[in-house]
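Positions 1 to 444 (the UniProt record's numbering) are the ones given, in order, by the sequence shown.
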Amino acid sequence: MANYARIAETGKPRVVVVGGGFGGLELVKSLEKADVQVILIDKQNFLTFQPLLYQVATSGVDADSIVHPFRKILHNQENFYFRLAEVQSVDTQRQFVETSIGLIKYDFLVIATGATTNYFGNDQMEQNAISMKNISDATTLRNTILCNFENALQLDDEVQLNSLMDYVIVGGGPTGVELAGALCELRKYVFPKDYRELNFKEMDIHLIQSGDQLLKGMSGEASLKALEYLQDLGVKVWLNRRVKTYDGYTVTMDSGETLITRTLIWAAGVKAAPVDGIRKESLLKGGRLQVDQYNRVAGYENVFAIGDVAAMVTETNPQGHPMLAQPAMQQGELLGENIANIIAGKTLHPFEYKDRGAMATVGRNRAVADLKLFNKEIKTQGFLAWLIWMFIHLISIIGFRNKLAVITNWVWNYFTFNSDNRLILGNKQENIPIAETITHKTLI
1 MANYARIAET
11 GKPRVVVVGG
21 GFGGLELVKS
31 LEKADVQVIL
41 IDKQNFLTFQ
51 PLLYQVATSG
61 VDADSIVHPF
71 RKILHNQENF
81 YFRLAEVQSV
91 DTQRQFVETS
101 IGLIKYDFLV
111 IATGATTNYF
121 GNDQMEQNAI
131 SMKNISDATT
141 LRNTILCNFE
151 NALQLDDEVQ
161 LNSLMDYVIV
171 GGGPTGVELA
181 GALCELRKYV
191 FPKDYRELNF
201 KEMDIHLIQS
211 GDQLLKGMSG
221 EASLKALEYL
231 QDLGVKVWLN
241 RRVKTYDGYT
251 VTMDSGETLI
261 TRTLIWAAGV
271 KAAPVDGIRK
281 ESLLKGGRLQ
291 VDQYNRVAGY
301 ENVFAIGDVA
311 AMVTETNPQG
321 HPMLAQPAMQ
331 QGELLGENIA
341 NIIAGKTLHP
351 FEYKDRGAMA
361 TVGRNRAVAD
371 LKLFNKEIKT
381 QGFLAWLIWM
391 FIHLISIIGF
401 RNKLAVITNW
411 VWNYFTFNSD
421 NRLILGNKQE
431 NIPIAETITH
441 KTLI
């Protein structure tokens, strides 16, 4: 006998949404007034505001300031049901989702599983590097950074000391650029006060980018300005380099050059995270699901995909829309309307992506922004771009308490050149152990 998850039958068409990221949440909200039962499945019970993960990692804000429970966000939506579970596969013939809590039947299935870190098949990198995709990654990185300096206080061996104090970031997109800038500010304003016995002139921050420019996808002006900002802050930027190996201690690039670090942060790429059970013919390069202009997965009538996991190939987007929050949210909102239209027998509306631009911050008073407003492109850098970046991110955070906590942290950090979130709580990354033969400091 099949083991079905316990969910009340309402007699209404059931829309099952797998994944509660930006796209999945927007879809659920879009179905609020539809005559359907909406079931959201996710292995976490909260939405993470991913653009600020790097600030959790660098002690800028508390982890609980950028997460918000699904049940709290949607507590007024009567047709909404949430189940905390891991999806194992889907059966599109019998129309059910197999999960860790049992089978869940569906009339419409929406895959919004987003993306995961892409190590490009490098198992060694996956084992030794720290990624930046979720709260766990961010807190692990924060703990690792702080533990590195605590351990460095016990060492006299210069090479081992540098391996703990130097950091390598792989990937010159927004995450890599923002992390590098934040680490520089910590090096300048915070760490010298916390760890007075260490010489932070010896702390090197490396940013490795495989291409010839940072912030690929943004304008040339934004890329050059970001590079200028980082170099002014003291980041050692390596362009046109790829990391071949990292054993937890030595970074080897394709040029033959090597760096020594115990902490490598991998921000070099993502890949789609589809679910098992979808026909192989619907899968494109990178694991993305081929969808039509209505976000319907190729080969299916009642299975849809939105966001990073979906590839809607068009003339202007031959690789599909960018794997960003805005396309996911716009697709989620429209798909909710279209599912209601299907049930009502109405005409469906094709998806048209409205690109509102991109931005990245490189630290205090430094940011770059390429905005698209009222069919005009606006490019700005510096203090104004930094204010715009803060405003957009602040209004995008869900929950008044979270907004208040984040703006309070930002204001405090700005005027005090400090933060109070430097706590070692939970896991840290431990690679090659410090050799027992090195010289430890002697107690005086």
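We treat Cβ as the ideally placed atom computed from N, Cα and C, and that holds for glycine.
Quick caveat: nothing in here was measured; it's all calculated off a predicted structure.
Three-state secondary structure (DSSP) of residue i
| i | result |
| --- | --- |
| Ile7 | coil |
| Lys29 | helix |
| Thr116 | strand |
| Glu98 | strand |
| Thr408 | helix |
| Phe80 | strand |
| Met312 | coil |
| Pro51 | helix |
| Thr245 | strand |
| residue 459 | Residue 459 cannot be examined here, being either before or after the span of the chain that is shown, 1 to 444. |
| Leu198 | coil |
| Lys43 | coil |
| Phe415 | helix |
| Lys285 | helix |
| Lys354 | coil |
| Leu425 | coil |
| Ala63 | helix |
| Ala385 | helix |
| residue 482 | Within the shown structure, residues of the chain are numbered from 1 to 444, placing residue 482 beyond reach of any answer. |
| Ile260 | strand |
| Ile111 | strand |
Close-in-space but distant-in-sequence residues of the same chain around residue i (CB under 6 Å, 5 per side omitted)
| i | result |
| --- | --- |
| Ala226 | Val177, Leu214, Leu215, Val362, Val368 |
| Thr10 | Gln37 |
| Leu423 | none |
| Ile66 | Phe49, Leu52 |
| Ala138 | Leu53, Val56, Ala57 |
| Leu155 | Leu161 |
Endpoints, beta strand (DSSP E) assigned at residue i
| i | result |
| --- | --- |
| Gln381 | 376–381 |
| Asp137 | Segment 135–152 is the alpha helix (DSSP H) holding Asp137; no beta strand (DSSP E) there. |
| Met253 | 250–253 |
| Lys105 | 102–105 |
| Gly357 | 357–361 |
| Ala369 | 367–373 |
| Lys225 | Run containing Lys225: none in the beta strand (DSSP E); it sits in the alpha helix (DSSP H), 220–233. |
| Leu183 | Note, Leu183: premise wrong, no beta strand (DSSP E); alpha helix (DSSP H) at 174–185. |
| Arg14 | 14–18 |
| Leu207 | 205–208 |
| Ala267 | That residue, Ala267, is in no beta strand (DSSP E); it is neither H nor E in DSSP. |
| Lys236 | 236–238 |
Closer than 8 Å: residue i CB and nearest the ligand FAD heavy atom
| i | result |
| --- | --- |
| Asp370 | No copy of the ligand FAD occurs in the structure displayed, which carries no ligand at all. |
Nearest-angstrom Cα separation, counted from residue j out to residue i
| i | j | result |
| --- | --- | --- |
| Lys271 | Asn118 | 5 Å |
| Asn199 | Ile260 | 17 Å |
| Val18 | Ala57 | 27 Å |
| Ala5 | Thr99 | 8 Å |
| Asp420 | Arg296 | 47 Å |
| Ser136 | Leu289 | 27 Å |
| Ala85 | Ile41 | 6 Å |
| Leu74 | Ile343 | 23 Å |
| Ala358 | Leu404 | 24 Å |
| Leu425 | Ala63 | 11 Å |
| Arg401 | Pro274 | 33 Å |
| Gln77 | Glu32 | 6 Å |
| Leu224 | Val406 | 29 Å |
| Leu324 | Phe351 | 16 Å |
| Leu25 | Leu334 | 12 Å |
| Asn431 | Trp266 | 15 Å |
| Leu284 | Phe304 | 15 Å |
| Lys188 | Leu233 | 9 Å |
| Asp157 | Glu197 | 14 Å |
| Met390 | Gly220 | 22 Å |
Residues near residue i by beta carbon distance below 8 Å, same chain, minus five either side
| i | result |
| --- | --- |
| Asn148 | Leu164, Met165, Arg262, Thr263 |
| Leu443 | Because the pLDDT at Leu443 is just 46, under 50, the model does not fix this residue reliably, and the value given afterwards should be weighed accordingly. Closer than 8 Å at Cβ, skipping near neighbours: no residue. |
| Pro13 | Asp35, Val36, Gln37, Asp107, Phe108, Ile343 |
| Phe191 | Phe149, Leu198, Phe200, Met203 |
Sequence-distant residues of its chain with Cβ nearer than 7 Å to residue i (five each side left out)
| i | result |
| --- | --- |
| Lys428 | Thr140, Asn143, Thr144, Cys147 |
| Glu185 | Gly363, Arg364 |
| Gly23 | Ala112, Ile306, Gly307, Ala328, Met329, Gln331, Gly332 |
| Pro174 | Leu215, Ala360 |
Span of the alpha helix (DSSP H), counted from its first residue to its last, around residue i
| i | result |
| --- | --- |
| Val159 | 158–165 |
| Ile343 | 325–344 |
| Gln88 | Looking at the DSSP string, Gln88 is not in any alpha helix (DSSP H); the run it does join, the beta strand (DSSP E), is 87–91. |
| residue 447 | Missing from the structure shown is residue 447; the chain here goes from 1 to 444 and no further. |
| Phe191 | 191–194 |
| Gln293 | Gln293 -> no alpha helix (DSSP H), and no H or E assigned at all. |
| Glu126 | 123–128 |
Can we say the segment 232–241 touches the segment 92–107, given the rule of at least three CB pairs closer than 8 Å?
-> Touching, no.
If you pair each beta-carbon of the segment 97–112 with each one of the segment 306–317, do three or more pairs fall below 8 Å?
-> Yes: at least three Cβ pairs fall under 8 Å.
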